[in-house]
Structure formats: C-alpha cells, structure tokens
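Numbering (this note's numbering), first residue to last: 1 to 734.
What follows is the structure in structure tokens.
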C-alpha cells in the first residue's frame, strides 16, 4: 500500500537531555503544528532532523530511533557544525530574511551554502531508503529547497510535492541570491509546488520564468519533457481542537483566575516568536500612540504581550529583545498607575491549554507581522472564541489576511492606522463582533487543516494524472523504431513539418533562426527519397521560406496556409481584403512604443507583434492588454488573433493550417507524419486521419498522438532524431 513520506527540517517532536535521559517534547512553530494535524489520519512516515546536535547523544542513538519508530518518525542526525552552518547559518541568515523581504539582514557565505547542499543530500539519502515506487514524497519548507531536485535525479518517476510555509519574495529581491538558479532548479524538481497565497505563486512563477526561462499557463509549467503545477493552498488549523480546548472546564478555571487578576480591564493579546519579521516594536509604538491619543482608555485596557524566546545567541535577536524590553519599560513608566500596568509582558513559551485560556480571555487579538507566510495564531484565536465575541486586528502582510477579511486589516508599518484600529476594536458593538467572528469561524471550520491536506493531495493526483497522459504520448525509442519501420514499408508518404520551435530552436530575432548545415543535409536527403512529399508549413512569410527552402524539391505553405508553393509556383489560396491592416498596424506600433524590445512584422496578409526580446513582466502585461483590445476590435472583421510563442498574430479567420493540409489528404497516402510545436498546429493535427503520426513538440497537452522534446541547437534532438534516421535509412534502401 502506498504511503506518504513527509519530509521537513524538524520532526514534530524535539529531543533534549534531562537528568541523563532523552526527553521528547512537541516541536514549536506553525509548520510542526499544522502538519501534525494533517498527518494523523494519513498512512505516513515523517523524516526530519531530531532537533539536537548529534555530538552529545551518540550513546542513545538506537534508543532514540526505536522510540521514534513507534510514532512513525525517522530522525536525521546532524553534528553541531552542520546544525550551525545549515540551520542557524544559511537557512536563517540567508533564506529567512531574504524570503521575508528583508534583504539588508541577508548574509551570503559560500561555506554555509556548501553545508546547506550537504544537508539536503543527507535528507535525500534518507528519503531514498524509505521511498517505494508509488509513495508520495511531500517536502516542506525553505530548509529543503534543493531536495525535490536531488530526489528527481535519483528517482525520475517519483511523485514529489513541495510546500513552502514562508513567503516567496518578489523577483527583484530573490535575484539577489547568488545561488538562485540552483535553488529554483531544486524546487522545480517537484510535481506540485505549493504556497500559502497567490502573491507567492506569482512571485515564484516570475522568478522561474526570468531566471530559468520556464513559461507557465494557468500555473502549469513546462520543463523539458515534464510538466509541474504551482498553486496556492492556504494552510488551515485543527479548528475543533482549539474550539473544544477553549470549552474545557480546566481552561475555564484558568480564564477565571486571569479575570480575577485583571478585573474589568480589557485585554489586547499579542503572541509572537521573537523575530524581526513579527513587527513587535511597531506594535508597541502603535499601542503607545493609542494610549497617548485616547487617555480615556488608560486603566481600562492592557496589552498582554507574550514573546516566545528564539535564537537568543544571535546578535540581531539580542538587539531586538533589548529594544522590546526598553519600549515596554518606557510605556510602563509613562502610563503606569498604582492599580494598572499598561503592558503585561511575558518572555516565555506557554503550553497549548494556557494559550487557549489567553485566547478566550482576550477582547482583542493584535496580530501585526511585517511579513508572514500565513500566521496560525490569528486562526487559533478565532477558533477559541466560542461565544463569538472578540475582535481580530490583522496585518495585511500576513497570508491569513487573504482569508480573514472580517478582521480589521491594517498596514503594520502605519502605526497611526494600527492605533486607530485598536480604538475601533475596543468600541465595536457586540453584534458586529459576533457577525465578523461567526463569518471567520465558518471559514476556518470549513477549510481546516484536514481540508487543506485533501485539496493539496487532490491537486497532486491531478497533476500526476496529466503527467501520465503526457508520458503515454511520449515517443519512446520503440515507437520511433515503429515510425521508421512503417515509413520504410509504405508506398506513398508525406511529411508536414512546422518550422520555428520544431525544426529549429527559437531565437530572439526571427531572422536569426536560419536553417543550419545539419538541417539542410536532412532536408536534402528527404527530398531525394522516392515516393516522399515533404511539406514545410509555417507562419513565416513566403519570401523568407523561399530564400531558405526554395532550392529543394518540396512544397511550402506560408503564413499558416495563405500561400502555397507547389511545383515551384506560389499560389494564394484565398482572395483577401487587407483594408484592416492600416488601422491595426497603428495599434500594434503603439504597443511597440509602450514595450521596448518588441517590434511589428508585416506579412503579405497578416500582422505579427513580436515580444521575445522585451522585458517579461512588461511584455506579458502588454500582451494581455493587446489581446483584450484586439478581441473587442476584431469581433466583426472576420479576423482571428493567434497567440503563439512570444508573438501575437492577426490574420484572416479563413486561414489556418488545418484547411491548408486538407488539400493534400485527398490523396491516398499510407504514411503521414505531422509535427508542430504550438497551438497554431492543433488545426493541422485535428485534420489528420487515424493512421497518421501526429507529434507535438514540447510537453503541453495537445490533439497530437505523441510528443517529443524541443530541438536543442547543435544537438541531434527533437523531431530531427526521426527525420535524420528516416533520411539515413532510406538512403541505404535506395
């Protein structure tokens, strides 16, 4: 039976030593919390770091493994140097600040990068020990960015998913990373790449497009001979666990004790791990402004601030702790009275039930990170409000803000706005509190962590199914042999060959994609083969195709079927009115002015806007704008607008490759092969009879029966592998 192998930096339990005994405690953090809930109903094993440096535990290794195995946990053991360089170093001083859009805090050290690679390889080796052929390998978070690619190299057919629990930065920030190509090549080894928000998805897709040249269509990315999917999956919580916890009598007792202590003072709750991404100083500043501007709330409201210790040995975090301590001290000295403390500050962690009591106690939750992938604390607060009272103030920079729109959403950098939101929350009528809270609770109950897991795994099944469909179409060596065998045994044969992207690779300038010596050699042999008709069918103009292929004994179809050359004579297949070209040429040239690097090509009866050399983000935006405009403008003009590979072409709706090839298919060919790379070739594929070999160049879905990878310049690859074999073998036959 197939299983799910969960792989994360840490196991859901952390090991430590106490009185010469190994102690197991739940791991902190949203990832461990979320995944622990997700994995409980799955047939799974969990691979991760044990949470300690191996150096002090050599004598307990077998005992530790045995205890963890009972919980379906497989530990990774690292020495102290690896922990420092991999975890404290590269993961948290390079990736963490950069991915949270704090480039000034980012440091890049080659020695840390080398250890990061080494540890990812250690994880890979452990995964390979446990991975079966049908198992799903589900990798989590930024510590293991290289792991999908490493596993893919060892297990090409493995089912690999990757989910990132922290944000993905904009391309402008990500490209700072010296090892950006290697990082992206690692992640794109996965079949499904998930993030919390569509912003993260957009940033990732932009980065792989601009750095690796990978294009996507609706989040499906084509990478050589495979496809993978990138999508957003907002992580939920175990909703009823938190709701039921808040209703326990023991929790109620804790709330009662706190209430007795605070009496009628309203409580604003703030819970964070010590980190510069959490916006704690900005939050304290906002609370200070609130008290200063609203003296009537003094002695009536307190900020209950819990800061969980983190990375205390790092100077940046030491400085942050000192800043927080100082700000709390200043607010206290400024406003404190004999009977009231404005900020109740606790620098420690709390068990779940204590947190549940704080959630239930608090009138307002103030969750205002400067940048956060999701933030589960705000969801836990909402789930714990079983009487539907309370107000959530939430940073727009948290991934959860995309879901919890009934919270008071604020810009955490705007401390005045945050101060005003505190007042709004404290003054909010109970019926509005309940309306907002019930809406958020409904959403969290519906999309809990179990639903998140289901949706993610369903998406994984869908992309794997698409990959299998493509794999079934892949032209294997055995099928290539059959193509050549059928060709040799046939009496009357024909080849329909697209040009750009099929016979040659794409170039930045169309005029640079000239036929090379090897292609001319293949064409020369094919055209000399008995009982074979070769047809080049392209969107190019007839002048260019005549220059390149006019000396061969072949037929040429230009401009998608408008022009046809047979017996060395060109004939126009339709009589067309080109009055539209003047008006639309003006529009296309306007887009050239707005898109540096683009240009317009005018053919006999069509116009083409090329944008291969333009900036990707700008050209994609302009392309969408142009397509929308042309769709509206050409509605009643009898024109079709084609979106090709880095081009937009406008031509008569009468013209397409399917209509062009129909004229040939009236003859009794017993061998037909048609090859093309983009959707303009789909019309041709659809017209082919059942016995024809139709071949899509590239890995996107198609009406073609088979697929081949694209031609790589200077290498016998793509469709040329078949054409050269046909040419060689037929030369020997005749």
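In this text, a Cβ means the ideal position worked out from N, Cα and C, and glycines have one as well. The structure presented is a predicted model; accordingly, all values stated were derived computationally and were not measured.
Local conformation of residue i per DSSP, three classes
i, result
"residue 666", "coil"
"residue 295", "helix"
"residue 321", "helix"
"residue 498", "coil"
"residue 452", "helix"
"residue 226", "strand"
"residue 518", "helix"
"residue 488", "helix"
"residue 372", "strand"
"residue 278", "helix"
"residue 196", "coil"
"residue 301", "strand"
"residue 46", "strand"
"residue 264", "coil"
"residue 732", "Reliability fails at residue 732, whose pLDDT of 48 lies under 50, so the model's placement of it is uncertain and the value that follows must be treated cautiously. Residue 732: helix per DSSP, three-state reduction."
"residue 708", "strand"
"residue 232", "strand"
"residue 271", "strand"
Cβ neighbours of residue i in the same chain (closer than 8 angstroms, five flanking residues each side left out)
i, result
"residue 670", "490, 491, 492, 493 and 691"
"residue 769", "Residue 769 lies beyond the residue range present for the chain, which begins at 1 and ends at 734; the question has no answer from this structure."
"residue 479", "706"
Length of the line joining the Cα atoms of residue i and residue j
i, j, result
"residue 584", "residue 606", "10 angstroms"
"residue 458", "residue 335", "54 angstroms"
"residue 640", "residue 558", "16 angstroms"
"residue 100", "residue 353", "30 angstroms"
"residue 427", "residue 284", "20 angstroms"
"residue 199", "residue 357", "34 angstroms"
"residue 421", "residue 393", "7 angstroms"
"residue 507", "residue 289", "59 angstroms"
"residue 349", "residue 617", "44 angstroms"
"residue 575", "residue 482", "42 angstroms"
"residue 528", "residue 675", "20 angstroms"
"residue 535", "residue 86", "57 angstroms"
"residue 546", "residue 586", "29 angstroms"
"residue 175", "residue 105", "15 angstroms"
"residue 693", "residue 666", "17 angstroms"
"residue 107", "residue 219", "31 angstroms"
"residue 516", "residue 524", "12 angstroms"
"residue 391", "residue 411", "17 angstroms"
"residue 612", "residue 580", "25 angstroms"
"residue 306", "residue 274", "9 angstroms"
"residue 469", "residue 321", "55 angstroms"
"residue 113", "residue 79", "16 angstroms"
Contacting residues, own chain, Cβ-Cβ under 6 angstroms from residue i (five flanking each side not counted)
i, result
"residue 733", "Confidence at residue 733 is low in this model, with a pLDDT of 46, below 50, so the placement of that residue is unreliable and no value is reported for it."
"residue 630", "641"
"residue 539", "560"
"residue 460", "161 and 192"
"residue 635", "none"
"residue 447", "236"
"residue 360", "246, 255 and 384"
"residue 324", "280"
Residue burial classification, residue i (beta-carbon count within 10 angstroms, cutoff 16)
i, result
"residue 614", "buried"
"residue 315", "exposed"
"residue 662", "exposed"
"residue 171", "buried"
"residue 249", "exposed"
"residue 1", "Since pLDDT at residue 1 reaches only 47, below the 50 mark, its modelled position is unreliable, and the value read off the structure follows with that caveat. Exposed, by the Cβ-count rule."
"residue 403", "buried"
"residue 771", "Because the chain here runs from 1 to 734, residue 771 falls outside it and cannot be looked at."
"residue 9", "buried"
"residue 330", "exposed"
"residue 648", "buried"
"residue 75", "buried"
Own chain partners of residue i with C-beta closer than 7 angstroms, once the 5 adjacent residues on each side are dropped
i, result
"residue 578", "605"
"residue 158", "131, 137, 151 and 152"
"residue 643", "627"
"residue 498", "537, 538, 675, 676, 677 and 681"
Near the ligand SAM: residue i beta-carbon under 6 angstroms from a heavy atom
i, result
"residue 486", "The ligand SAM is not part of this structure, which contains no ligands at all."
Can you give, in chain order, each stretch of the alpha helix (DSSP H) that sits fully within the region 584–667 and has at least 4 residues? 616–633 and 657–662
Quick check for students: name the residue ranges of the beta strand (DSSP E) that lie wholly in the region 536–580, counting only runs of 3 or more. 555–558, 563–566 and 569–572
Continuous beta strand (DSSP E) assignments of at least 3 residues falling wholly in the region 376–455: 391–395 and 408–410
Tell me the start and end of each unbroken alpha helix (DSSP H) in the region 54–116 that is at least 4 residues and wholly inside, in chain order. 61–69 and 96–99
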